[in-house]
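Sequences listed follow chains L and D, in order. Under numbering that gives the first Met the number 0, the first sequence has 115 at position 116, and the numbering climbs by one with no breaks. Under numbering that gives the first Met the number 0, the second sequence has 396 at position 397, and the numbering climbs by one with no breaks. All C-beta atoms, glycine included, are put in the ideal place defined by N, C-alpha and C.
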Amino acid sequence: MAVVGGRTQWEIGGQCPEETRLVRAPAGVRAFDPADMTIRVGAGTPVEELDAALAEAGQRANLPVLPGATVGGVLAVGRDDLHALGRGRLRDARLEVVYVGDDGRLVTAGGPTVKNVSGFDLCRLLAGSLGTLGLLGEVILRTWPRPAAQQWLAGPCDPVELRRSMYWPSSILWDGEITWVHLEGHESDVKSEAELARSLGCEPTDGPPSLPAYRVSTGALEVGQPTGSYLVQIGTGMAYVSEPRPIPDADPAVVALHQRLKSEFDPRGRLNPGRDPLAG
Amino acid sequence: MKFRKADPLMRDLRRVLPSDRVRVAPLERSIMGRDASIFEGGRAGPVCFPISTEEVQGCVDAARRHGRAVVPRGAGTGLAGGAVPLEEPVVVVATKMNRLLSVDAEQRVAWVQPGMINLDLSRALAPFGLHFAPDPSSQQVCSLGGNVGTNAGGPHCLALGVTSAHVLAAEVVLMSGESVVLGDAGGWTPGLDLRGAYVGSEGMLGVTTAIAVRLTRNPPAVETLLLAFDSVDAAAQTVSAVIADGIVPAAIEMMDKNIIWAVENFVGAGFPTDAAAVVIVEVDGLPGGVAAEADRVAELAVERGGSVRRATDDEERALIWKGRKSAFGAIAQIKPNYYLHDTVVPRTRLAEVMNQVYEIVDEHDLQVMNVFHAGDGNLHPLLLYDGREPGIMDRVHAAGSAIIEASLAVGGVLSGEHGIGIEKRDFMPLMFSEADLDAQARLRRAFDPEEMANPGKVLPTGASCADVKALDNIPEGVWG
């Protein structure tokens, strides 16, 4: 059995066999209290719908707004937004997850408040699990104010120097020649930081470049002969490449932990068969 | 029991560590039988002070060979009893593994040993213009390994998140004796977020031997405001109004009348002793946003009848924070003992739950002081008592239970930053169903099938052997 979202990242981590029963998670905003800055949504809710609902209250969640993708899908795949450097990681975006376990029971992990250390952190374990430990049904996300101003700049400057000079850029991308930087915040701060970026060789631009197809860890960039183009997401350990690269072998002890987790959470291999988080 | 040199466990431990670092003297075991919580029933077995990952592996191997549990321990400042040893386990203390291993200022990552004191790390990072964001009130004495164990918070975790958001990787010795790195110091690697599952696991998945922490740049501008109010309601409403206005300050802390008086008497931080409550708000970042947000916070406070004082320099700011962080020490002037609670409620329900806390405490004829992380709804009611008074602990526990129930009733949670430990283990079923607890037990078994790491904590008895009825169909109506 597998949950299908928007199929925008459907091939990541392997394919489910044809006979897999596909289900869709419930969709829609269940509860949103702007003053509390949390939102409860069905996992099948399109991220664009979530984003629009939050935008009305001047807020946003820290999820990549992929056209056609669902909230559950982007959380299960666990790929960070391009702005992870400044806004934080996807794994920190959710507060509570309700999922269906291998035995059909509903399980709640985490809690509804913005701060919570009650019990083990299953919420984070499910980030990037590709649905192999449980099928996401409903989530509570933390929301953030939308900044008043934002600006992309790009130019042939040194990404390391740029990062050293700027206080809190939300994104720095580098393709080996050109560096893109995204600034957001109070208008006067974005203006002054943009001035700083210009002094380092960047000029205003409309947005980030299009991403090469495959996401890899920056460690994988160092494996084998470089081919094709790449884009490094500075400060996050992530990069995008146009040609697939071999994934560096994981430590056998880490692989063993993955296997033991899978056999504890899904001993019969019912959930998202064919998928492997280590191959994601 | 007494541990003699000829005891086979002692013999094995002393093959791994020199005899001065395996201690069994009654005084040592008695000290290690407690942490900063109120739990007194702990019994430590041999107390080990390893200085390397290999020595930790040796201790774990020896304990396993003799069927003995292992309790990892940092500085012992935990408030939930997470480090209290039960049934004479081997206690593995991190205090001699307290070095800063490396700092990469460009990549904003440092490797530290688990016994390093939280504040020592930020002090060591000062020349780089960086710091470690989580700042528990005990940061002068608590260890980073303990911070990882409890997923510790602190006043400045409102905008930046608690410990988990600041740990990139952890080197861990599993109960099999294997050493494994969970997470990636470089920032990301494919696979499950084992690092995230490990942080906050209260020593029940393994023993931390090194931590890669994410470093945060010191803000170029900071504004600290001390807001004073005539009522707790007005203070709580101002906190909600700030959040609802779309401002996420670095910190929002609240203190009520009794604690203001105690702190003022203790450190002279310049807090207004005639106020019913004060709120400390700190905004930081680039100068434009900081100025605008500080002005707006002041406006929101004045609209609700508050008075506003802004720290004019770093010295005044430090004094305000000294007042906040000395609160627990100041209490000794009033009663010899206190029991510090830690629950979280939705931020919009703060005023309501605080009023309930006052009522509960009155009903049980106790005194309470509130000093807490208001910005994220993290309540810290301090119940004051004199432990020599007969029957007092029954009242303290009854009031504590009522506070927990009141917090859960409005959609809150059991703990915001102290953890569950022994303290709240038996409250877990109030927040989690049998299926939820079973899922947590599965995580634990995947890491530690024999359940030898810090047994008896977090999960209520029976959770790990819950009667699981397999259902072949998913619930109807849930899935479209």
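Neighbour-count burial assignment, residue i, 16 or more Cβ in a 10 Å radius
i: ILE30(D); result: exposed
i: ASN264(D); result: exposed
i: TRP172(D); result: Strictly speaking, residue 172(D) in this sequence is Val, with Trp absent from that position. So VAL172(D) ends up on the buried side.
i: THR44(L); result: buried
i: MET0(D); result: exposed
i: LEU109(L); result: It should be pointed out that residue 109(L) corresponds to Gly in this sequence rather than to Leu. Per the 10 Å Cβ criterion, buried.
i: SER432(D); result: exposed
i: GLY128(D); result: exposed
i: VAL21(D); result: buried
C-beta contact flag for residue i and residue j at 9 Å
i: ARG123(L); j: ALA445(D); result: no
i: GLY57(D); j: PRO49(D); result: yes
i: LEU120(D); j: VAL212(D); result: yes
i: ALA82(D); j: MET451(D); result: no
i: ARG323(D); j: PRO154(D); result: yes
i: GLY185(D); j: VAL166(D); result: no
i: GLY27(L); j: VAL40(L); result: yes
i: VAL395(D); j: HIS417(D); result: no
i: ARG348(D); j: ALA373(D); result: no
i: VAL241(D); j: VAL280(D); result: yes
i: SER480(D); j: ALA93(D); result: Missing from the structure shown is residue 480(D); chain D here goes from 0 to 479 and no further.
Inter-residue spacing [alpha-carbon to alpha-carbon] between residue i and residue j
i: ASN150(D); j: MET237(L); result: 25 Å
i: SER306(D); j: ALA227(D); result: 5 Å
i: SER228(L); j: SER216(L); result: 15 Å
i: PRO208(L); j: VAL89(D); result: 55 Å
i: GLU292(D); j: ILE233(L); result: 29 Å
i: ILE473(D); j: PRO133(D); result: Note that ILE473(D) has pLDDT 36, beneath the 50 cutoff, so the model's placement of it is unreliable and the number below is only indicative. Answer to the nearest angstrom: the Cα atoms are 41 Å apart.
i: GLY75(D); j: SER142(D); result: 8 Å
i: GLY273(L); j: GLY399(D); result: 48 Å
i: GLY269(D); j: PRO286(D); result: 26 Å
i: ILE258(D); j: ALA329(D); result: 8 Å
i: PRO111(L); j: ASP437(D); result: 20 Å
i: GLY206(L); j: VAL76(L); result: 24 Å
i: SER463(D); j: GLN258(L); result: With a pLDDT of 42 at SER463(D), under the threshold of 50, the predicted position of this residue should be treated as unreliable, though the coordinate-derived value follows. Those two C-alpha atoms are separated by around 19 Å.
i: HIS181(L); j: SER170(L); result: 5 Å
i: THR37(L); j: ALA234(D); result: 22 Å
i: GLU170(D); j: GLY5(L); result: 37 Å
i: GLY420(D); j: ASN453(D); result: 10 Å
i: GLY100(L); j: LEU132(L); result: 7 Å
i: GLU95(L); j: LEU81(L); result: 23 Å
i: PRO459(D); j: VAL3(L); result: 35 Å
Paired residues, beta bridge with residue i - DSSP
i: GLY109(L); result: GLU95(L)
i: GLN283(L); result: Nothing about residue 283(L) can be reported from this structure: the residues present for chain L run from 0 to 279 only.
i: ASP364(D); result: Per DSSP, none; premise fails for ASP364(D).
i: SER137(D); result: Bridge partners of SER137(D): none, in fact.
i: MET237(L); result: SER216(L) and GLN232(L)
i: LEU487(D); result: Nothing in the structure corresponds to residue 487(D), since chain D is present only between 0 and 479.
i: HIS130(D); result: THR215(D)
i: ARG107(D); result: Answer is none; ARG107(D) lacks a bridge partner.
i: GLY41(L); result: GLU137(L)
Secondary structure of residue i, DSSP reduced to three states
i: ASP255(D); result: strand
i: TRP260(D); result: helix
i: PHE426(D); result: helix
i: ALA323(L); result: Residue 323(L) lies beyond the range of chain L shown here (0 to 279); nothing can be said about it.
i: VAL161(D); result: coil
i: MET9(D); result: helix
i: TYR197(D); result: helix
i: GLU371(D); result: The sequence as given places Phe at residue 371(D); Glu does not occur at that position. PHE371(D): strand per DSSP, three-state reduction.
i: ASN377(D); result: strand
i: PHE2(D); result: coil
i: THR142(L); result: strand
i: ASP283(D); result: strand
i: ILE359(D); result: helix
i: TRP173(L); result: strand
i: LEU214(D); result: coil
i: PRO480(D); result: Residue coverage of chain D in this structure runs from 0 to 479, which leaves residue 480(D) outside it and unanswerable.
i: CYS15(L); result: coil
i: SER406(D); result: helix
i: CYS47(D); result: strand
i: GLY182(D); result: strand
Residue-chain proximity (residue i, chain B), Cβ-Cβ < 9 Å
i: GLU105(D); result: Among the protein chains of the structure shown, namely L and D, there is no chain B.
beta-carbon residue i near the ligand PLP non-hydrogen atom, thresh 8 Å
i: LEU135(L); result: Summarising the ligand content, the structure contains no ligands, and the ligand PLP is consequently not present.
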